[in-house]
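The numbering of the sequence shown is full-length UniProt numbering, which starts it at 1 and goes up by one.
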Amino acid sequence: GGIVDITTGRPLVVTQAEEQKLTNDTIVIPSTKEVEARVIPNASSLPLTSLRSYARKLHNSISARIEMDMLNSTPSRIIEMECPENTMADITTIRKRIYDTVVLGRGTGSSLAVQQMERTDDLPVAARGAVHDIDKWKKCKNPSCGNNDQSNFVMDRKNGDLICTQCGTVATESLMHEGSQFRKFEGEADRNHHGDAANPLFSNAYNMSTTLGGLGFQTGAGVGGFGSMQKRGIENILKNAHMYTEINLSQMGKDEKRTRDGYKNQQKKEAFMKMKHIGDALGLHEAVVRRAKELFAGFRDDRELVQQFKGVVAACLIEAFDQLSNDGRQILKIRTGETEEDPEDDDDDDLGDETNQNRPKKKKVTNARASKRNDLHSASLAGRGGDIMDNGDRKIVGGVAALAAQMSKPVGNDKGTAAAAAAGAAGTASSIVDDEEDLSPTEKKSAASWNLDDCRSWLREASIAIAKQWTEQREEEGKNASSFATTAAAAKKNLSAIGANTKTALRDIPKGTLDELQGILIEHTLTLCVFLEEQVQKFNSKGGGVGGKGPHGAGGGYSRGRVTTPRVNDMGKMSIRWQHHHERGSGGKGGVGNSGRTTLGIKIGERTEDGRAAGQILILNSKKLGSILSDRVSGDAFYREFRALLGRQEARKKKGLRQEATMQRLKQMNRKQYVLARARK
């Protein structure tokens, strides 16, 4: 009990005098000033504008809290409406199975396994492997992305392209319009000459089946005395008979070892009807119901038997609702003040002011799909080829930003377009040129294409570098020994601190000055040059190579002749599939192996005569180099220098591929007007 102030919602403080008055059946209502003095703080110093802004913020926070409560209670309301006998834990288990099956593609595949067990030898190969376009799930073509989540694809209705929102790859282009050919207005005749568009969630038998509807029956003796109320019953009988026939003929000619497609289609129709009713009752968005239908169709096609039908329907709705309401929850949290908006470009502070000025700022929007599109098609390039731009290469960032500015300009501005294009090309080309200028002529070429002169030049440079390393290592050892040589314990501690591998390396390094070490390594260089010259002569004459007869070879030797490609008539007998010009190793357009010398000629960097290049022969392991030089330490040093060179060349090659992918991505963005509008932001 007690007295509560209706204006503030708080209990009133009753004094003894007031209690005495209340006992005398007199009600004392405090004045407004007293209430303000007790409960409400003094706000007379604030202007009306500030009070109004505070009131609006409070109203928005309360409304956002109510909406958030509605979002949080939606899964429980779906369960209560569809399957009240199941708990939230049961639905969570079903949701995990649906997510693994449809989204991650880790289903049981029981339907496909049983289908493969059926006898299909009598069918043509084309009929056995044929899959209708509507039965194919949308999947990204980018091997590094592999997105198969149906909610992460966007349809460009204007150009007919299906775009992956994770990497920006056009999965399908020039799609056929699936809508009606003619528009039908109220009061006009339907001019369409075909039925509805094929539904990809159902099987081919369902989409190609005929429907019975609009049957009109006359009443009277002409129909055997049936009344007007019985014509609907005849229509239902015919529909049921037709449906029964379609179900049993949907897999005609196959063994009845799996669930019939007609039964699956019937169960899908029932589930879709339930989802539509639940969505209308709970006010769910149409996209949520559509996504739930896709999840159920994928789960139903994968399983031979779907247990807990109502639970699966509820789990599909809850999973679709959670997937599509994540951005809405984040917006509501921001409105209620639980979280703050993420600062823009905080991760790019380490790239410098110049880079941040060239980078366009990312603009977040409320719509989830538009937000993904903005992040995807911004000038920073979310594609796999544009990752190099986010790794701190300022020159590439500046060049690409200039090129993006060039693409965002109108077509009529020729001067600005030409200037921006020149700046972009210069920015991208300068990064490549700067890398090439720091390299020696030998290092610019591929090691496998070196001739004898290139090998001599590199071995001479490697000898000088190895001698400097050995000298510096000796000096560092002397400094460490002098600093810890005061006592025997300190010396012992120093020896234990140096690893076993380091002590072995220091012990095996030849003693002498820098000039003496360079002289020793130059002698080894001459030995390697003589070995390479002998091997090149052997390969260019009759073969032989490292393993053939010679002063450094072991074994009986061999003579490898020219490899001849078998004739076309012999390919079928050898069970070898003929390769086309565009396939790997064909030597045609795009052939990686370049086996067809008559088509492309000599590979870049390859010797004109038959045999192997000197650089290819130099690719030996550490043990072989040590046996050739009769010095294990020197052989290991040359091996490490050569492997480091190969690693740098491979890194430059990958960097060039990433730069090329970045420019290709920009060219792809150039053909999309809506992408240019997003990149401009």
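From the three backbone atoms N, C-alpha and C, an ideal C-beta is built for every residue, glycine too. Source: prediction; values computed, not measured.
Taking the C-beta atoms as reference points, A287 is found no nearer than 8 Å to L332. One Cα belongs to F539, the other to Q659, and the distance between them is close to 38 Å.
In this structure, the beta-carbon distance from F309 to L284 does not fall below 8 Å.
In the DSSP secondary-structure assignment, M81 is not bridged to any residue. Straight through space, the alpha carbons of R56 and T49 are spaced by roughly 11 Å. Non-local C-beta neighbours of L201 in its own chain, meaning closer than 7 Å and more than five positions away in sequence, comprise K268, K293, E294, A297, ordered along the chain.
Counting other Cβ atoms within 10 Å of its Cβ, N240 stays below 16 and is therefore classed as exposed.
Measuring C-alpha to C-alpha distances from G512 to each of K139, A467, F531 identifies A467 as the nearest.
Beyond the five residues adjoining it in sequence on each side, V289 comes within less than 7 Å, by CB distance, of M275, K276, G279 in the same chain, given in chain order. Judged by DSSP secondary structure, M155 falls within the beta strand (DSSP E) whose first and last residues are 153-156. Every candidate beta strand (DSSP E) stretch fails here, since none sits fully inside the region 300-331 while reaching 3 residues.
Contact annotation: E304 and Y99 have beta-carbon atoms that are not nearer than 8 Å.
In the DSSP assignment, T172 falls within the unbroken beta strand (DSSP E) covering 170-172. The beta carbons of A465 and E650 sit no closer together than 8 Å.
The beta-carbon distance between G615 and G626, rounded to whole angstroms, is 20 Å. This is too long to meet the 8 Å contact definition.
Here E443 is near L645, since their CB atoms are less than 8 Å apart.
The DSSP-derived three-state label of L629 is helix.
Counted as a single uninterrupted DSSP element, the beta strand (DSSP E) harbouring I163 occupies residues 161-164. In the structure shown, S446 falls within a coil segment according to DSSP collapsed to helix, strand and coil. Sixteen is the threshold: when 16 or more other Cβ atoms of the shown chains lie within 10 Å of the Cβ of G168, as they do, the residue is buried. Take the alpha-carbon of F531 and the one of A661: they are about 42 Å apart. A direct Cα-Cα distance of roughly 12 Å separates W450 from L459. Non-local C-beta neighbours of L517 in its own chain, meaning closer than 7 Å and more than five positions away in sequence, comprise A467, W470, T471, P510, ordered along the chain. Of the candidates F185, E67, C316, C316 places its Cα closest to the Cα of I94. The C-beta of T92 has fewer than 16 other C-beta atoms within 10 Å across all chains shown, which makes the residue exposed. Per DSSP, the unbroken alpha helix (DSSP H) holding Y263 starts and ends at 261-282.
Within the same chain, C140 come within 7 Å of G146 by CB-CB distance, once the 5 residues on both sides are set aside.
R291 sits close to S151, with the two beta carbons spaced by under 8 Å. F299 and V102 have their C-alpha atoms roughly 6 Å apart.
Assignment of A198 by DSSP, reduced to helix, strand and coil, places it in the coil class. For H59, the secondary structure class from DSSP, reduced to helix, strand or coil, is helix. Comparing alpha carbon positions, the residue from H524, S446, N236, C529 closest to K653 is S446. The closest CA to that of A462, considering only T525, V154, D453, is found on T525. For A281, the number of other beta carbons within 10 angstroms of its own is below 16, and it is reported as exposed.
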